[in-house]
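In my numbering, the protein residues as written are 1 to 261. Think of the CB as a built atom: it goes at the ideal place given N, C-alpha and C, for glycine as much as any other residue. First the structure, in the form of structure tokens, and then the observations on it.
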């Protein structure tokens, strides 16, 4: 998780963070359901819009005092990227020793600490809150934005260059970006907000091609849906499973016609 994603989560994912920490997941589900219902009502009223409930929630939770553990904010200020490791009790000492050895070398910049219970919970919830933070940012900046452009991408197993460097002509079309992911499986989530006037479909295709050119797999976790073209070997698998094309026609940009016609 990047330091910037950390900041987005604490500002635009604060309702998720606070609700989960103090009320639990069931309350969060109810709160999201209520917010969705309220947005539907507001959308039908003159002078309001489909994101009014989000704006209200954002304002209310911005006033809620919530102190993030100081060691987390200290690391946020010191380092651009953060890795959260969850290890079993039996592996705790060995992991700590390994990290001490890694960061002892002058070629490795970084540091680590072992979280107490509150720090562990807070770090986990902040990481969880990143997933909704960019969506909230988009909702709160609709006047400046055209759409969300999101990816889940698996980098090559031998790819050591995790930091995406977008060409200037693409970066200039983005209002906001957040990067977060999973360490051992090389899967990254990249959530972008495209600026007003930008064609999000064309932008996504261009950005997808950049990832493919790097040898990355897109998508990584969430299947192809109607967004990504499935590779030929997977299409052959689909046809073998469903020769009449009756069950999920059109998935992976395949034919939507009966019998794959």
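Extent of the continuous alpha helix (DSSP H) run through residue i
i	result
residue 36	25 to 43
residue 151	Counting along the chain, residue 151 falls outside any alpha helix (DSSP H), though it belongs to the beta strand (DSSP E) covering 145 to 154.
residue 4	3 to 12
residue 95	92 to 104
residue 207	200 to 213
residue 261	Here residue 261 belongs to no alpha helix (DSSP H), and DSSP marks it neither H nor E.
residue 60	52 to 62
residue 128	117 to 140
residue 70	70 to 78
Span of the beta strand (DSSP E) around residue i
i	result
residue 238	Premise fails: residue 238 lies in the alpha helix (DSSP H), 232 to 241, not in any beta strand (DSSP E).
residue 173	Looking at the DSSP string, residue 173 is not in any beta strand (DSSP E), and its letter there is neither H nor E.
residue 188	187 to 195
Chain-order list of residues whose beta-carbon lies under 7 Å from that of residue i (same chain, five-residue window excluded)
i	result
residue 135	148
residue 75	82
residue 221	152, 187
residue 71	113, 119
residue 256	249, 250
Integer Cβ distance of residue i from residue j, believed to fall under 8 Å
i	j	result
residue 188	residue 153	6 Å
residue 251	residue 225	7 Å
residue 184	residue 1	Not confirmed; about 15 Å, so no contact.
Close Cβ partners of residue i (< 8 Å) along its chain, the five nearest in sequence each way excluded
i	result
residue 206	170
residue 10	17, 68, 126, 129
residue 35	53, 54, 57
residue 258	244, 245, 246, 249
residue 285	Because the chain spans 1 through 261 in this model, residue 285 falls outside it and cannot be assessed.
residue 297	Summary: the structure shown does not reach residue 297, with the chain confined to residues 1 through 261, and so no result is reported for it.
Residue j beta carbon less than 8 Å from that of residue i
i	j	result
residue 6	residue 126	yes
residue 114	residue 96	yes
residue 174	residue 204	no
residue 262	residue 155	This structure cannot speak to residue 262, because the chain is shown only from 1 to 261.
residue 178	residue 133	yes
residue 66	residue 14	yes
residue 254	residue 190	no
residue 19	residue 8	no
residue 193	residue 176	yes
residue 61	residue 110	no
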